[in-house]
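Novice: Each residue of the sequence shown is one higher than the one before, starting from 1 at the first, in UniProt numbering.
Glycine included, C-beta positions come from ideal geometry on N, C-alpha and C.
These numbers come from a predicted model, not from an experiment.
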Amino acid sequence: QGGKGSGKGKGSGKGKGGKKSKKKGSPEVDILSPAAMLNIYYIAHNAAACLEFRGFPWPDSPKKKGKKRT
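#1: On a Cα-Cα basis, can you pick out the residue from A48, R69 and E28 that is closest to D60?
#2: Kindly indicate if chain C contains any beta-carbon less than 8 Å away from that of N46.
#3: For L51, which residues in the same chain have their Cβ closer than 8 Å to its Cβ, ignoring the five residues on either side in sequence?
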């Protein structure tokens, strides 16, 4: 008993049928926090772009297309 060889006790094997802890989805993030505001300051050019980056797109806005290369 107490050795590694038996393998019959509860919890003796790594990753074999043990209880799996469920991850709680992504945590709530404050988009108005100082760190988030500093980030959006550098990546957005205007209020509409800011909202679009944060997941609130302007209604009926045309989809952005890439630059045409010739």
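Specialist: The relevant details are as follows:
#1: A48
#2: The structure shown contains no chain C, having only a single protein chain.
#3: P57 and W58
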